[in-house]
Amino acid sequence: MTAPLFAATIATFLQQLRALDGLLAKAQQACTEGTITEAAIQAARIVPDMAPFPNQVNWVVVHSIGAIEACRAGDSQPVPTPPATTLDEQRTLLADAIARLSAIDPAEIDELADRPVTFSIPARGILLPFDGAGYLLSFAVPNFFFHLTTAYNLLRGLGLPIGKLDYLGQLRIKDQT
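2 is the number of the first residue of the sequence shown in this note's numbering; add one for each residue after it.
This is the structure in C-alpha coordinates:
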(Lines of atoms letter the chains of each structure in order from A and count residues from 1; the text may use other names and numbers.)
(Lines give C-alpha, C1' and ligand atoms only; values in the text may rest on other atoms or scores of the structure.)
Protein backbone atom coordinates (compact mmCIF):
# COMPACT_ATOMS: atom_id res chain seq x y z
CA MET A 1 0.00 0.00 0.00
CA THR A 2 1.21 3.49 -0.85
CA ALA A 3 1.92 5.88 2.00
CA PRO A 4 -1.28 7.87 2.75
CA LEU A 5 0.28 11.33 2.36
CA PHE A 6 1.87 10.27 -0.92
CA ALA A 7 -1.49 8.99 -2.22
CA ALA A 8 -3.26 12.18 -1.15
CA THR A 9 -0.67 14.46 -2.71
CA ILE A 10 1.79 13.08 -5.25
CA ALA A 11 -0.50 10.44 -6.75
CA THR A 12 -3.33 12.99 -6.95
CA PHE A 13 -1.09 15.66 -8.45
CA LEU A 14 0.11 13.19 -11.08
CA GLN A 15 -3.41 12.06 -11.98
CA GLN A 16 -4.63 15.62 -12.39
CA LEU A 17 -1.53 17.00 -14.13
CA ARG A 18 -1.90 14.25 -16.71
CA ALA A 19 -5.59 15.11 -17.04
CA LEU A 20 -4.73 18.79 -17.57
CA ASP A 21 -2.19 17.78 -20.20
CA GLY A 22 -4.99 15.86 -21.93
CA LEU A 23 -7.18 18.96 -21.81
CA LEU A 24 -4.39 21.01 -23.37
CA ALA A 25 -3.95 18.36 -26.08
CA LYS A 26 -7.66 18.69 -26.88
CA ALA A 27 -7.27 22.47 -26.94
CA GLN A 28 -4.40 22.12 -29.41
CA GLN A 29 -6.54 19.86 -31.57
CA ALA A 30 -9.37 22.42 -31.53
CA CYS A 31 -6.89 25.13 -32.56
CA THR A 32 -5.64 22.97 -35.42
CA GLU A 33 -9.23 22.34 -36.54
CA GLY A 34 -9.96 26.07 -36.35
CA THR A 35 -12.78 25.84 -33.81
CA ILE A 36 -10.90 28.04 -31.35
CA THR A 37 -7.78 30.17 -31.40
CA GLU A 38 -4.83 29.88 -29.11
CA ALA A 39 -5.04 33.63 -28.52
CA ALA A 40 -8.59 33.19 -27.17
CA ILE A 41 -7.43 30.42 -24.85
CA GLN A 42 -4.47 32.35 -23.50
CA ALA A 43 -6.57 35.50 -22.96
CA ALA A 44 -9.44 33.67 -21.26
CA ARG A 45 -10.40 34.69 -17.75
CA ILE A 46 -13.61 34.34 -15.78
CA VAL A 47 -13.83 37.95 -14.57
CA PRO A 48 -11.68 41.00 -15.34
CA ASP A 49 -9.81 40.98 -12.02
CA MET A 50 -8.93 37.27 -12.20
CA ALA A 51 -5.68 36.02 -13.72
CA PRO A 52 -5.91 34.57 -17.26
CA PHE A 53 -5.47 31.01 -18.43
CA PRO A 54 -1.62 30.94 -18.51
CA ASN A 55 -1.48 31.84 -14.82
CA GLN A 56 -3.94 29.09 -13.93
CA VAL A 57 -1.74 26.46 -15.60
CA ASN A 58 1.37 27.92 -13.97
CA TRP A 59 -0.22 27.87 -10.52
CA VAL A 60 -1.30 24.24 -10.92
CA VAL A 61 2.40 23.44 -11.26
CA VAL A 62 3.38 25.81 -8.42
CA HIS A 63 0.95 24.09 -6.06
CA SER A 64 2.15 20.59 -7.01
CA ILE A 65 5.90 20.21 -7.54
CA GLY A 66 6.42 23.71 -6.14
CA ALA A 67 4.68 22.67 -2.92
CA ILE A 68 6.96 19.66 -2.57
CA GLU A 69 9.99 21.88 -3.10
CA ALA A 70 8.63 24.26 -0.44
CA CYS A 71 8.34 21.37 2.02
CA ARG A 72 11.89 20.32 1.26
CA ALA A 73 13.14 23.88 1.83
CA GLY A 74 10.87 24.63 4.78
CA ASP A 75 9.82 27.87 3.12
CA SER A 76 7.13 28.87 0.65
CA GLN A 77 6.97 32.33 -0.86
CA PRO A 78 5.18 33.33 -4.05
CA VAL A 79 7.80 34.01 -6.69
CA PRO A 80 6.52 36.17 -9.54
CA THR A 81 7.58 34.19 -12.58
CA PRO A 82 6.15 34.80 -16.02
CA PRO A 83 3.81 31.95 -16.95
CA ALA A 84 4.16 29.82 -20.05
CA THR A 85 2.05 31.53 -22.71
CA THR A 86 1.54 28.91 -25.41
CA LEU A 87 -0.08 25.51 -25.26
CA ASP A 88 3.24 23.92 -26.27
CA GLU A 89 5.08 25.70 -23.45
CA GLN A 90 2.33 24.83 -20.98
CA ARG A 91 2.45 21.16 -21.94
CA THR A 92 6.24 21.21 -21.51
CA LEU A 93 5.78 22.76 -18.05
CA LEU A 94 3.32 20.00 -17.14
CA ALA A 95 5.61 17.28 -18.52
CA ASP A 96 8.48 18.58 -16.39
CA ALA A 97 6.31 18.64 -13.26
CA ILE A 98 5.06 15.11 -14.00
CA ALA A 99 8.61 13.81 -14.46
CA ARG A 100 9.83 15.42 -11.24
CA LEU A 101 6.85 14.23 -9.19
CA SER A 102 7.17 10.72 -10.64
CA ALA A 103 10.72 10.51 -9.31
CA ILE A 104 9.68 11.14 -5.68
CA ASP A 105 9.96 8.25 -3.24
CA PRO A 106 6.81 7.80 -1.09
CA ALA A 107 9.01 7.55 2.01
CA GLU A 108 10.32 11.07 1.39
CA ILE A 109 6.79 12.48 1.52
CA ASP A 110 6.21 10.80 4.87
CA GLU A 111 9.46 12.35 6.12
CA LEU A 112 8.24 15.79 5.04
CA ALA A 113 4.95 15.43 6.94
CA ASP A 114 6.27 16.73 10.27
CA ARG A 115 8.88 19.12 8.92
CA PRO A 116 8.08 22.82 9.49
CA VAL A 117 7.08 24.87 6.45
CA THR A 118 6.41 28.59 6.57
CA PHE A 119 4.31 30.28 3.92
CA SER A 120 5.05 33.97 3.76
CA ILE A 121 4.36 37.08 1.77
CA PRO A 122 6.66 39.56 3.53
CA ALA A 123 5.37 42.61 1.66
CA ARG A 124 1.86 41.89 2.95
CA GLY A 125 2.89 40.81 6.44
CA ILE A 126 1.65 37.25 5.90
CA LEU A 127 3.44 34.52 7.83
CA LEU A 128 1.73 31.14 8.17
CA PRO A 129 3.54 28.33 10.03
CA PHE A 130 2.63 24.79 8.99
CA ASP A 131 4.00 21.30 9.27
CA GLY A 132 4.53 19.59 5.92
CA ALA A 133 1.29 17.60 6.01
CA GLY A 134 -0.73 20.66 7.01
CA TYR A 135 0.85 22.76 4.28
CA LEU A 136 0.24 20.15 1.62
CA LEU A 137 -3.27 19.12 2.63
CA SER A 138 -4.77 22.43 3.74
CA PHE A 139 -2.97 24.89 1.46
CA ALA A 140 -1.30 23.30 -1.57
CA VAL A 141 -3.94 20.72 -2.53
CA PRO A 142 -6.91 23.15 -2.29
CA ASN A 143 -4.99 25.77 -4.30
CA PHE A 144 -3.99 23.11 -6.84
CA PHE A 145 -7.62 22.15 -7.40
CA PHE A 146 -8.79 25.77 -7.48
CA HIS A 147 -6.46 26.58 -10.37
CA LEU A 148 -7.02 23.23 -12.11
CA THR A 149 -10.78 23.71 -11.99
CA THR A 150 -10.44 27.29 -13.19
CA ALA A 151 -8.32 26.18 -16.16
CA TYR A 152 -10.89 23.48 -16.99
CA ASN A 153 -13.78 25.96 -16.69
CA LEU A 154 -12.04 28.48 -18.94
CA LEU A 155 -11.56 25.84 -21.64
CA ARG A 156 -15.12 24.58 -21.25
CA GLY A 157 -16.46 28.13 -21.34
CA LEU A 158 -14.70 28.68 -24.66
CA GLY A 159 -16.66 25.77 -26.10
CA LEU A 160 -13.99 23.08 -25.96
CA PRO A 161 -15.83 19.74 -26.05
CA ILE A 162 -14.62 18.39 -22.72
CA GLY A 163 -16.43 16.89 -19.76
CA LYS A 164 -16.01 15.49 -16.30
CA LEU A 165 -14.17 12.37 -17.44
CA ASP A 166 -11.59 14.58 -19.14
CA TYR A 167 -11.20 16.53 -15.90
CA LEU A 168 -10.86 13.40 -13.74
CA GLY A 169 -8.21 11.77 -15.90
CA GLN A 170 -7.06 8.21 -15.31
CA LEU A 171 -8.81 6.99 -12.18
CA ARG A 172 -6.90 4.81 -9.73
CA ILE A 173 -9.33 1.91 -9.79
CA LYS A 174 -8.77 -1.37 -8.01
CA ASP A 175 -7.10 -4.06 -10.09
CA GLN A 176 -9.70 -6.78 -10.68
CA THR A 177 -7.22 -9.55 -11.52
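The beta-carbon is built from N, C-alpha and C at its ideal position, and this holds for glycine as well. Only a predicted model underlies this, so the values are computations on that prediction, with no experimental measurement involved.
- Would you list, in sequence order, the uninterrupted alpha helix (DSSP H) runs of no fewer than 4 residues that lie entirely inside the region 19-102? 39-44, 54-63 and 66-74
*Spatial distance of P130 from Q17 (CA atoms)*: 27 Å
Assuming D111 and L6 are in contact, meaning their beta carbons sit under 8 Å apart, how far apart are those beta carbons, in whole angstroms? The beta-carbon distance between D111 and L6, rounded to whole angstroms, is 6 Å. This is short enough to meet the 8 Å contact definition.
Check your understanding: With distances taken from CA atoms, which of S103, A108 and Y136 is nearest F120?
Key -> The candidate whose alpha carbon is nearest that of F120 is Y136.
Review point. Do L159 and I69 have their C-beta atoms closer together than 7 Å?
Key: Taking 7 Å as the Cβ cut-off, L159 and I69 do not qualify as a contacting pair.
* Classify V80 as buried or exposed, calling it buried when 16 or more other Cβ atoms lie within 10 Å of its own Cβ. => So V80 counts as exposed.
Once DSSP output is grouped into helix, strand and coil, what is the label at D111?
Note: D111 maps to helix in three-state DSSP.
Buried or exposed by the 16-neighbour rule on C-beta atoms within 10 Å, applied to P84: buried
_In DSSP terms, what F120 is bridged to_ = S77 and L129
Next item on the list: Measure how close the beta-carbons of V1 and G75 come, nearest whole angstrom, since I'm counting them as under 8 Å.
Entry: Because the chain is modelled from 2 through 178, residue 1 falls outside the range shown and cannot be assessed.
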